[in-house]
Amino acid sequence: GKLDRTRMGTDMHLRLERRTFRLDEATSRTRLVALILAKRASRGGGNAAHGKPWDLLSSDLWVRVAQLCPITHQPVWMACPFADWLVIAAKSFREQVLRAESAAAEFRAQQVREGVAECDFDDEELARRLVAEKFGLKDVESKFGCLGDRNYNAFGLFSAGMRWRSQAKQLGCMREGWPKNRSQFVGFEGGFMSDDNPDIHSHCFCTLDGLFSVDWDVDSASEHRNGFHLRPKGPVEFVQSAASIQASLQKMLESEECKDDQVRAQLVRGAEARAAELHSDEGTANREDLHAFDAFEDAQWGWGSLFVRPPVPPQTRGEVLDRFGTIKEHLKALEGLITEADNDPADFRLLVAFDN
199 GKLDRTRMGT
209 DMHLRLERRT
219 FRLDEATSRT
229 RLVALILAKR
239 ASRGGGNAAH
249 GKPWDLLSSD
259 LWVRVAQLCP
269 ITHQPVWMAC
279 PFADWLVIAA
289 KSFREQVLRA
299 ESAAAEFRAQ
309 QVREGVAECD
319 FDDEELARRL
329 VAEKFGLKDV
339 ESKFGCLGDR
349 NYNAFGLFSA
359 GMRWRSQAKQ
369 LGCMREGWPK
379 NRSQFVGFEG
389 GFMSDDNPDI
399 HSHCFCTLDG
409 LFSVDWDVDS
419 ASEHRNGFHL
429 RPKGPVEFVQ
439 SAASIQASLQ
449 KMLESEECKD
459 DQVRAQLVRG
469 AEARAAELHS
479 DEGTANREDL
489 HAFDAFEDAQ
499 WGWGSLFVRP
509 PVPPQTRGEV
519 LDRFGTIKEH
529 LKALEGLITE
539 ADNDPADFRL
549 LVAFDN
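For the sequence shown, the numbering used here assigns the number 199 to the initial residue and increments by one for each residue that follows.
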């Protein structure tokens, strides 16, 4: 989602990333060294007493070592702000990203020549538009329908810290924080504000296969069929530190609203769950901890949902998220678009955050 500076309030922002794989340098280098030693061993007498490493084994054995050395690949996440990049093969995607980065670099160089010292958010967005125009690319946001609309009641489906007065529970496919291996700055706006922008908060993310697995016809307060089994794993980063979590907890425990022992115990469990997330690659798996985590987030932001919740009529997740009833169709069409192109929804990741 693009930042609209003309409106006040909280907005939801999205960044879509795509996973590609590159050759692991360590394993490929090991295989190459073994083949070089095999060639050198074929020229010598094969006598280890010579003190040469290729003389330790025969040429045939060095070739065998090379054959047995596995060639592995490392995952790399790249920004995917254009709908056209959803349906191309991984190799073509990498090529197009490099081509777009080159075009953005040309734009930045031009900005410098014209006296613009640094590229701010508006310039990044302009660079993205120029890239889109140059290569005939369409924004990916249209494929998500109303997902990024300003809808306070729906925010809680994505971030536990954005529940406001809604009864909606965070989708199980969502993970708090931002992944450490997220895409880096590429010279053009990738569907998000910069990582160090102080106005963004409540970071969370999911993979598209997790989002596609959610049943939108289930009650928004339910935990069933919420994509929890596809919740992302791996190291994450949080805006908060362990010390700030403890400071926030202490502040809440000292407040007049936290005299109830049950509430206090829930806040403590929530703080422990958040602190555990800082050091876990798996995320909090215990559902009770997740409940406490939700409560801690609400209390931390001062929205008081621990104590008083106004009665609201039951709503399905789809009804909470989409007043026009099209979210299921949009996501179904997006899933079909990706799978029909022989791409895997698990290779796409949606990063979410909110601005003040």
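From the three backbone atoms N, C-alpha and C, an ideal C-beta is built for every residue, glycine too. All values reported here derive from a predicted model rather than from experimental measurement.
query                                                                                                                 : result
E323 versus R213, A440 and L465, residue with shortest Cα-Cα distance                                                 : R213
Where L447 falls, given that 16 or more other Cβ within 10 Å makes a residue buried                                   : buried
Proximity winner among F305, L519 and H528, relative to N349 (alpha-carbon distances)                                 : L519
For R217, the three-state DSSP class (helix, strand or coil)                                                          : strand
Proximal residues to W283 (C-beta, below 6 Å), its chain only, five neighbours per side dropped                       : F291
Buried or exposed by the 16-neighbour rule on C-beta atoms within 10 Å, applied to V310                               : exposed
Residue interval of the alpha helix (DSSP H) (run including M450)                                                     : A440 to L451
7 Å CB neighbourhood of D318 in its chain, flanking five on each side removed                                         : Low confidence applies to D318: its pLDDT is 49, below 50, so where it sits in the model is not reliable, and the reading given next is rough at best. Answer for D318: no residue qualifies.
Buried or exposed (CB count within 10 angstroms, at least 16 for buried), L355                                        : buried
Distance CB(C278)-CB(A232) smaller than 8 Å                                                                           : no
Close beta carbons around L406, own chain, < 6 Å, minus the five adjacent residues each side                          : P543 and F546
Rounded separation between R217 and A441 - CA only                                                                    : 33 Å
Coil, strand or helix - E455 by DSSP                                                                                  : coil
Within 8 Å, strictly: CB atoms of L579 and L409                                                                       : For the chain, the structure presents residues 199 to 554; residue 579 sits outside this window and is missing.
Alpha carbon of Q265 to alpha carbon of L549, nearest angstrom                                                        : 40 Å
Through-space distance from S340 to E517, alpha-carbon basis                                                          : 20 Å
Residue environment, L221, which counts as buried when at least 16 other CB atoms sit within 10 Å                     : exposed
Candidates L235, F552 and S240, of which the one nearest F403 by Cα                                                   : F552
Supposed close pair Q368, S357 - CB separation, criterion 8 Å                                                         : 7 Å
Residue span of the alpha helix (DSSP H) that contains T405, given as start and end                                   : It is not in any alpha helix (DSSP H) - T405 instead sits in the beta strand (DSSP E) that spans I398 to T405.
Beta bridge counterpart(s) of V274 as assigned by DSSP                                                                : T218
Classification of D258 by the beta-carbon crowding that lies within 10 angstroms, buried from 16 upward               : exposed
Given R515 as reference, the closest of A325, D415 and E533 once Cα atoms are compared                                : D415
Through-space distance from F436 to A303, alpha-carbon basis                                                          : 30 Å
K336 and F426 closer than 8 Å at C-beta                                                                               : no
Residues of its chain near H271, where Cβ-Cβ distance is below 7 Å and the 5 sequence neighbours each way are ignored : F219, R220, L221 and D222
N-terminal and C-terminal residue of the beta strand (DSSP E) that D553 is part of                                    : F546 to D553
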